[in-house]
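Below is one structure, written out as structure tokens, with a few remarks after it.
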Amino acid sequence: MQNAKDSFYVALRTRLATINPERTILLRGTLRPGILVEEAEAPFSQFPNDVFVLRWPGTAVDTDLASTMVAEQCEVIYQTCGTQSFGGLDRGRALSEMDEELLAMLQPFYTQKLNYTATPPAAMMTHVFWDDPIFAPVVTQRDRLSRSVMVLVYSYEEQGE
Amino acid sequence: MLADALLRSAGGATALLRVTGTNADTNMSELGLVATTFAEVAISPVLMRKLRPSWKEGDESKWELLMSATSIEQQANSLDLPSAQALFAMTLAVTMAGQDYLIESIAANEAFGQVYLYRLLLREARQQSL
């Protein structure tokens, strides 16, 4: 299951770097694409703005198949207060931009499954694939707009996993 | 300086900020596969006080840490960081008397346009496995 989660994150991160190279975050002293896995970082008291945060809340397994299929629920959370130069009045536009970027990142709806514990990462025999995203309504908290998007990520368990 | 003297007279202690080292931007470091390097930055004088208890089942206690702005500034300069905020941004946890605390929020007290005290709202960190 972990290989599918890792492959999904790296696919999105690589695609984001192409779609919008300017969306970055300075984290642990490194400037990197503006997307992170919540459980692989220090705990946040508040999520950073203008960054995609991936969370994995649920898992389901189908064992009635030739290979066990795993469905992982991925929640992508992002928020924005707009930009300083617009006094935050562009926060709606900034959120729409993130919506579009996420949609672009998710296409195509599959990626090669890789094992990132190996160096260099080893390609596995199957793909990781996912459903259309489900966009939850925007949550407005004073000057901050946030959204949560659910994506179901599927993968087949391979030997040795 | 006056704030430092007050912190010292009220039993000023030393807090350790556990800051993360710079990691190469690799897949492994972003996926939690490699241990991050840490350094401990000593800040003194500091004063810690427990906040009014509003304890709920499963919640950790909250504390307020009053930190000397001069010490923070000195450490930020020695680490070649542009500001105190940059130092706090790199801080993973605060250690006091062997207990780790996570930072919930940071506030600064100013006088005549100069910060003399940082107030950190902390939450006790849960025990991590070895």
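Protein sequences, first through last, are from chains A and B.
Quick note: the first sequence, position 2, residue 2 per my numbering, numbers continuous.
Quick note: the second sequence, position 16, residue 1016 per my numbering, numbers continuous.
Don't be surprised by glycine CBs; every beta carbon is placed ideally from N, CA and C.
Note that this is a predicted model, so its numbers are computed, not measured.
Exercise. Any Cβ of chain B within less than 8 angstroms of the Cβ of R32 of chain A?
Worked result: If you number the first sequence from 1, residue 32 of chain A lands on position 32. Yes, R32 of chain A lies at the interface with chain B (some Cβ there is under 8 angstroms from its Cβ).
For this session: Quick one: list the residues of chain B neighbouring E39 of chain A, beta-carbon separation under 8 angstroms, in chain order.
Result: On the first sequence, position 39 is the one that residue 39 of chain A refers to. Within chain B, the residues near E39 of chain A are G1032.
Exercise. Terminal residues of the continuous alpha helix (DSSP H) containing M1048 of chain B?
Worked result: Counting from 1 along the second sequence, the entry for residue 1048 of chain B is found at position 48. Taken as a continuous stretch (DSSP letters only), M1048 of chain B belongs to no alpha helix (DSSP H), being part of the beta strand (DSSP E) at F1038 to K1050.
Exercise. Is D6 of chain A close to chain B, meaning its C-beta is less than 8 angstroms from at least one C-beta of that chain?
Worked result: Residue numbering aside, residue 6 of chain A sits at position 6 when the first sequence is read from its first letter. Judged by the 8 angstroms Cβ criterion, D6 of chain A is in contact with chain B.
Exercise. V61 of chain A by DSSP, collapsed to three states: which one?
Worked result: Translated into the one-based positions of the first sequence, residue 61 of chain A becomes position 61. Residue state, collapsed to three classes: strand.
Problem set entry | A71 of chain A beta carbon less than 8 angstroms from that of L12 of chain A | Along the first sequence, one-based indexing puts residue 12 of chain A at 12. Along the first sequence, one-based indexing puts residue 71 of chain A at 71. Not a contact, by the Cβ cut-off of 8 angstroms.
Problem set entry | V24 of chain A - DSSP class collapsed to helix/strand/coil | Residue mapping note: residue 24 of chain A aligns to position 24 of the first sequence, counting from 1. Sequence check: residue 24 of chain A is Thr here, not Val. The answer is strand: DSSP assigns T24 of chain A an E or B state.
For this session: Say whether chain A places a C-beta atom closer than 8 angstroms to the C-beta of I1103 of chain B.
Result: Against the second sequence, residue 1103 of chain B aligns to sequence position 103. Yes, I1103 of chain B counts as interfacial toward chain A.
Exercise. Are at least three pairs of beta-carbons, each pair with one atom in the region 128–137 of chain A and one in the region 90–106 of chain A, less than 8 angstroms apart?
Worked result: Because the criterion of three Cβ pairs below 8 angstroms is met, the region 128–137 of chain A and the region 90–106 of chain A touch.
Exercise. Would the beta-carbon of Y9 of chain A fall within 8 angstroms of that of L1033 of chain B?
Worked result: Taking the first sequence and counting its residues from 1, the one referred to as residue 9 of chain A is at position 9. Taking the second sequence and counting its residues from 1, the one referred to as residue 1033 of chain B is at position 33. Not closer than 8 angstroms, so no.
Exercise. In this structure, does DSSP put L1081 of chain B in helix, strand or coil?
Worked result: As a position in the second sequence, residue 1081 of chain B is number 81, starting the count at 1. Note: L1081 of chain B maps to coil in three-state DSSP.
Exercise. Under 8 angstroms, do M124 of chain A and I134 of chain A count as touching if we go by C-beta distance?
Worked result: One-based indexing of the first sequence puts residue 124 of chain A at position 124. One-based indexing of the first sequence puts residue 134 of chain A at position 134. No, Cβ-Cβ distance for M124 of chain A and I134 of chain A is not below 8 angstroms.
Exercise. Is it true that the CB of Q1099 of chain B sits closer than 8 angstroms to the CB of E1124 of chain B?
Worked result: Residue 1124 of chain B sits at position 124 when you count from the first residue of the second sequence. Residue 1099 of chain B sits at position 99 when you count from the first residue of the second sequence. Yes, the Cβ-Cβ distance between E1124 of chain B and Q1099 of chain B is below 8 angstroms.
For this session: Give me the Cα-Cα distance between E1064 of chain B and I77 of chain A, rounded to the nearest whole angstrom.
Result: As a position in the second sequence, residue 1064 of chain B is number 64, starting the count at 1. As a position in the first sequence, residue 77 of chain A is number 77, starting the count at 1. Cα to Cα, the separation comes out at about 29 angstroms.
Exercise. Nearest to V1046 of chain B by alpha carbon, out of B:M1001, B:G1021, B:F1038 and B:Q1114?
Worked result: Taking the second sequence and counting its residues from 1, one reaches residue 1046 of chain B at position 46. Nearest Cα to V1046 of chain B within the set B:M1001, B:G1021, B:F1038 and B:Q1114: B:M1001.
For this session: Output yes or no for whether 8 angstroms exceeds the beta carbon distance between C81 of chain A and G88 of chain A.
Result: For the purposes of this step, residue 81 of chain A is identified with residue 81 of the first sequence, where counting begins at 1. For the purposes of this step, residue 88 of chain A is identified with residue 88 of the first sequence, where counting begins at 1. For C81 of chain A and G88 of chain A, yes; Cβs fall inside 8 angstroms.
Exercise. Among residues of its own chain, excluding the 5 on either side of L1081 of chain B, which ones have a beta-carbon nearer than 7 angstroms to its beta-carbon?
Worked result: As a working mapping, residue 1081 of chain B is identified with position 81 in the second sequence. So the list reads L1087, once near-sequence residues are dropped.
For this session: Residues of the region 1054–1079 of chain B with a CB closer than 7 angstroms to any CB of chain A: list them in chain order, please.
Result: none
Exercise. Quick one, which residues of the region 39–59 of chain A are near chain B if we go by CB-CB under 9 angstroms, in chain order?
Worked result: Against chain B - using a Cβ distance shorter than 9 angstroms - the residues of the region 39–59 of chain A are E39, A40, E41, A42, P43, S45 and Q46.
Problem set entry | Best match in B:T1020, B:L1017 and B:N1027 for proximity to T119 of chain A [C-alpha to C-alpha] | Taking the first sequence and counting its residues from 1, one reaches residue 119 of chain A at position 119. Closest by alpha carbon: B:N1027.
For this session: From the DSSP output, in three-state form, read off L16 of chain A for me.
Result: For the purposes of this step, residue 16 of chain A is taken as residue 16 along the first sequence, with counting starting at 1. L16 of chain A: helix per DSSP, three-state reduction.
For this session: Please confirm if Y9 of chain A has its CB atom under 8 angstroms from at least one CB of chain D.
Result: The structure shown contains no chain D; its protein chains are A and B.
For this session: Give the DSSP-derived three-state secondary structure of Y110 of chain A in the structure shown.
Result: As a position in the first sequence, residue 110 of chain A is number 110, starting the count at 1. Taken through DSSP and simplified to helix, strand or coil, Y110 of chain A comes out as strand.
For this session: Can you tell me which of the three DSSP states R1008 of chain B falls into?
Result: The residue you call residue 1008 of chain B lines up with position 8 of the second sequence. In this structure, R1008 of chain B counts as helix in the three-state DSSP scheme.
Problem set entry | Beta-bridge partners of A137 of chain A, as assigned by DSSP | As a working note, residue 137 of chain A is residue 137 in the first sequence. Note that residue 137 of chain A is Pro in the sequence shown, not Ala. Bridge partners of P137 of chain A: none, in fact.
For this session: Determine, using beta carbons only, whether N1027 of chain B comes closer than 8 angstroms to chain A.
Result: Counted from its first residue, the second sequence places residue 1027 of chain B at position 27. Yes, because at least one Cβ of chain A sits closer than 8 angstroms to the Cβ of N1027 of chain B.
Exercise. Which residues in the same chain as A1108 of chain B place their Cβ atom closer than 6 angstroms to its Cβ, once the five residues preceding and following it in sequence are excluded?
Worked result: Position 108 of the second sequence, counting from 1, holds the residue named residue 1108 of chain B. These residues qualify, in order along the chain: V1115 and Y1118.
Exercise. If you drop the 5 nearest sequence neighbours on each side, which residues of the same chain put their C-beta closer than 6 angstroms to that of G34 of chain A?
Worked result: Counting from one through the first sequence, the residue named residue 34 of chain A turns up at place 34. R23, T24, I25 and V51.
Problem set entry | Residues of its chain near V61 of chain A, where Cβ-Cβ distance is below 8 angstroms and the 5 sequence neighbours each way are ignored | Here residue 61 of chain A is taken as the residue at index 61 of the first sequence, counted from 1. Only T68, M69, V70 and A71 meet the Cβ criterion.
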